[in-house]
Structures are given as structure tokens and as C-alpha cells.
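*Asks:* Shown below is the structure under consideration.
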Amino acid sequence: MLAAALVTAIVALTAPAADPIEAHLQQHRADQRIPGLAYAVVSGDRVVRQGAWGVDGDGHAVTAQTPFLIGSVSKPVTATAVMRLVEARRLALDDPVRRHLPWFRLADGQAAQHISVRHLLTHTSGLPRWASRTDRFDNSAGGLARSVRDLAGVRLQSAPGTHHHYSDANYMVLGAVVEAVTGQPFGAALRREVLDPLGMRHSAATQAEADSVGLPAGHRYWFGQPRRFDAPYDTSGVPYGYVAASADDLARFAMAHLKGGRLLSEETLKLMHTGEYGLGWRTSTLDGIGTRLVWHAGATPGYFANVVLAPESGSAVVVLGNSYSPALDAPLAAAAFDVTRLLHGGTPTSSNDGDPLMRAMLPVLVAVAGLLTVTAIWSLTRAIRSSRPAEPRLRSTLAWLAACTAVAGVAALLPSMMGNDLGQALLWMPDVGWAIIAVITLAALLAAIRVGIAVARRRARPVGVEAAQRRPA
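Below you can see the structure in the form of C-alpha cells.
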């Protein structure tokens, strides 16, 4: 009865006279300046509505068949492939990783031997969030295995099975396990186990497939404006973040997780959808509605995705966008939740504001860069226009050096405070990354100018003055 009532409500929402879902999504697209957006609503075993607006990074109209990079929504796709192997008894959830990857090593001596497949799926292996360098854009043979071998210098944040630490490294290792069990590159195994059985015809799990389906460029934000960004594909990152799929593809994937029998049994789906972070899925309750949700959002530089399942009502929502900034993560994710609220009789509650600290970072850095520029010009102008050489003061010069060093040091630490390095900042938030570089460069330049002025003043002092200062009283 509940499912039937939901279908009736969804059909009512599609009426031309009242279309709150499309009105909300179009407003969301305008508010976040998203060049292209696609969505789908699933009820039971069918897509009851879908739509798309705008253009992709190559200037073509976005449709329900346009492929998008889906970021960490790749994790439930990977988890589905793993559970297919579990149901086929080629793998067990409590298998130690070392049973399939004897070469798997961590810095903690024998710690790696205690990590199981289940730990990886639930992010309870103990691997820290930033355990590995992601976004390698490595499309050469063996790239995934090399990324796992690079974990040999990583120490666990906690003992396996004791705490949840979300980390891409968990799914990186899972991808290598799938390769070992199937004897195939991960992309080929994923296509055989998930993509082809579901008829996901506009999906990609390798660079060749991305080229074949015509994966377009995405967009990053520069000073609040989306700019085209055509990053290379990253085959080594497919298990945790670089699957490509269309809204139509993800609707098919959502259907497979709403009802057992398409790919996995009902018992396996229930297991995957249970727990704060199940086997590849997050779970929560929809605020103000009380509906239980199973969902996962994800992003890559240039793209954002969110898939929200409401298993009890048999519905799902897919929202894809072709622009992304970490500062806008929350409002970008909110669109799919708001559509789910509308489907369940609620009203949108999301805010268009992003992370206040990240949003403040760019204007603060620009202001500091401007202040450093003005100070450098003032220092040079004052030194040039001075009618007589002033006496150099060591204390003043050291103070300038300390201040410039402090400013440059804080700027240099900003990426690590966000859990990344400067290279990642330039990739994900290029305006912030270049502002950091500008502040560091200008601080160093100002320090050099102040030292140069002090040296020039010392050299310009009359010889008699120095002699008088050295003469005993």
C-alpha cells in the first residue's frame, strides 16, 4: 500500500500544473551555478520521471544518457561487485586481505594480516582517511596494485574492527582483491559483475570505456564561477571514485538495490544496507520525515553525484551535476535529499550556504595577498623617495622577517589542515590553491625587499658615522 501511495504521489508531482521537484532542482542548479544537471526518480522497478538541463563541459546538451563521473558513489558499485563474488563463494567477508594479496603490507609490522574484506567494506580497517594519494590519473597496467603497494609506509589509526575511519584506501585495496580473485583488471571485473548485467550502457570503468562513451569535461569553481576542467581519466581510482555513469545507468543500479533478485539476494541487500556505514552504503533517517535512507554521495574534480534509496517505500532519487567544490559539498548533496523529502510529503530544508570556513578561505587569502602587495610597494616607494639614508635597525628587519615567515607558514599549512597537500588543493579548489601560492610568494618577496632595504641602507651610511659609533666615549 505504501509503495502504491508513493507512486500516486509521484505521478501527481509530474503534472504540468504543479511540478515542485523540477522547480526545486532548477532553482538548485541556478543557486549553485551548475552548468549541467540530470536526475531520475525510481519507484519500485521503473523510472517514474527523469530530466536534464544545461550543457556538459564540451558544450553539448545534457541528457539522461550523458555520462558523469560519480565520485564515491563508485564505492557501493564496487561493494556490489564484491558481494557478487561473496554470493558466488569465491570470496568471504571475513577473509583476511592477505589471503588474496599475500604481498599486502603496512608500516605496522603484522597489522595488515588482521584486516578482512568486511573491514574494508565498512571502513573499519583502521586505515586513516588520507592514507594514500588519490587522483593519480594512472591508466597504465597494474596501476591499482601499485597504489595499494604504496600503503606499505602507512600506520593504522586504530586496530582493525574497532573504529570507523572513512578512507578511499579501503576501496583501493578492495579493488586489488577483486583483481586477484577474478584474475582480471578491476574495470573488466566490474563490467562483468555489475555494469553489463544491469544494462548500464553509458558507464565506464577504464580510460578506453570513458573515451568510448564520450565522457565530457566537468567544471571547477574559480571565484564562484564554474570553469571547464577536462582532467584525464583515472583507471587506478575506479574502485573508490572514478566510475562514470549516466542518470539512466544509476537509476538501474538503484533499482537493483531496492529489490533483491536482479544482482543480489534480499538477504545480501539487507546486510549491505544495515549499520551507520553498511557494506558500501551510508544509512540515516530523513530529518523531519523519519524515513530510513540508504545513500552515498561522491565527487571528483569537476563532478558531483548523489544516490538516495528509501527501501521501505521502494523509491530512489539520483542527482548528477557537472561542477564541484569542496566548499559547496553540503548544498550540492542536499538536492537529492530534498527531492526525497518532496516525494515523502515534506518540504525542502536545505541551505544554499556551503562550508563557512572553506568559503571564507579564498577572500581572506586574496585580502592577505592584496595587503602584502600594497606593503611591498609602499616599502619600495618609501625607500626610493627617502632624501637621506635611514639608519638600519636589526630589530625592525627581524620583525619583518618573522611576520612574513608566519604569514607564509600559515598559508602553506592550510592544505594540510584540510587533510591534503598543495597539489590536491590546486586540483580540487584551484582558486584557493593559487591564492595560497600567491600569498607565499608575496610574503617571500616582501621579506626579500625588507632585507634588501636594510642592506642598502647599511652600505649607504657615511664612513664617518660608522667610525664615530665605534669610537669609545
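Residue numbers for the sequence shown follow our numbering, so the first one is 4 and each next one is one higher. Just so you know, even glycine gets a beta-carbon here, dropped at the ideal spot from N, CA and C.
Just list the residues that DSSP pairs Ala55 with in beta bridges.
*Replies:* Ala41
*Asks:* Does DSSP put Asn325 in a helix, in a strand, or in coil?
*Replies:* coil
*Asks:* Does His222 have its Cβ less than 9 Å from a Cβ in chain C?
*Replies:* Included in the structure is just one protein chain, with no chain C present.
*Asks:* For Phe226 and Pro38, I'd like the C-alpha separation in whole angstroms.
*Replies:* 15 Å
*Asks:* Could you give the uninterrupted runs of the alpha helix (DSSP H) lying entirely in the region 372-416, keeping only those of 4 residues or more?
*Replies:* none
*Asks:* Go through its chain and collect everything with a Cβ distance to Asp61's Cβ below 7 Å, but skip five positions before and after it.
*Replies:* Hits under 7 Å: Pro219 and Ala220.
*Asks:* Given that a residue counts as buried once 16 or more other Cβ atoms are within 10 Å of its Cβ, and exposed if not, what is Glu315?
*Replies:* exposed
*Asks:* Kindly confirm or deny that the region 67-79 and the region 244-259 touch, where touching means at least three C-beta pairs closer than 8 Å.
*Replies:* With the rule of 3 Cβ pairs closer than 8 Å, the region 67-79 counts as touching the region 244-259.
*Asks:* Could you check what DSSP says for Tyr306 in three-state terms: helix, strand or coil?
*Replies:* strand
*Asks:* Among Gly324, Asp290 and Thr294, which one has its Cα closest to the Cα of Tyr306?
*Replies:* When only C-alpha atoms are compared, the closest one is Gly324.
*Asks:* Give the single residue among Ala191, Leu445, Gly164 and Pro304 whose Cα lies nearest to the Cα of Gly373.
*Replies:* Leu445
*Asks:* Consult DSSP for Ser128 and reduce its assignment to one of helix, strand or coil.
*Replies:* Coil.
*Asks:* Give the DSSP-derived three-state secondary structure of Pro99 in the structure shown.
*Replies:* Residue state for Pro99 is assigned as strand, using DSSP reduced to three classes.
*Asks:* Using a 10 Å radius around the Cβ and a threshold of 16 neighbouring Cβ atoms, would you call Arg132 buried or exposed?
*Replies:* exposed
*Asks:* What three-state label does DSSP hand Ala248 in the structure shown?
*Replies:* In the structure shown, Ala248 sits in a strand (DSSP, three-state: E or B).
*Asks:* Quick one: using the 10 Å Cβ neighbour count with 16 as the cut-off for buried, is Gly264 buried or exposed?
*Replies:* Counting the other Cβ atoms within 10 Å of the Cβ of Gly264 gives fewer than 16, which makes it exposed.
*Asks:* Determine the extent of the beta strand (DSSP E) in which Phe189 is found, giving its start and end residues.
*Replies:* Not the beta strand (DSSP E): Phe189 falls in the alpha helix (DSSP H), residues Phe189 to Leu193.
*Asks:* How about the region 329-343 and the region 398-405: do they share at least three Cβ pairs that are nearer than 8 Å?
*Replies:* By the Cβ test, the region 329-343 is not in contact with the region 398-405, since fewer than three Cβ pairs between them sit closer than 8 Å.
*Asks:* Note down, in chain order, each residue of its chain lying with its Cβ closer than 6 Å to the Cβ of Arg462, except the 5 sequence neighbours on either side.
*Replies:* none
*Asks:* Nearest to Ser354 by alpha carbon, out of Phe340, Leu365 and Gly348?
*Replies:* Across the set Phe340, Leu365 and Gly348, the C-alpha of Phe340 shows the shortest separation from the C-alpha of Ser354.
*Asks:* Using beta-carbon positions only, say whether Met432 and Ala302 come within less than 9 Å of one another.
*Replies:* No.
*Asks:* Quick check: the region 272-285 against the region 188-196, are there 3 or more CB pairs under 8 Å?
*Replies:* no
*Asks:* Decide if Ala457 is buried, meaning its Cβ has at least 16 other Cβ atoms within 10 Å, or exposed.
*Replies:* buried
*Asks:* Between which two residues does the alpha helix (DSSP H) holding Thr286 run?
*Replies:* No alpha helix (DSSP H) holds Thr286; the beta strand (DSSP E) holding it covers Arg285 to Thr288.
*Asks:* Taking buried to mean at least 16 other C-beta atoms within 10 Å of its own C-beta, is Ser215 buried or exposed?
*Replies:* exposed
*Asks:* Name the one or two DSSP bridge partners that His222 has.
*Replies:* Arg231
*Asks:* Ignore the nearest five residues each way along the sequence and tell me which others in Thr378's own chain have a CB closer than 7 Å to its CB.
*Replies:* Counting only residues of its own chain and dropping the five nearest sequence neighbours on each side, Thr378 has a CB closer than 7 Å to the CB of Leu449.
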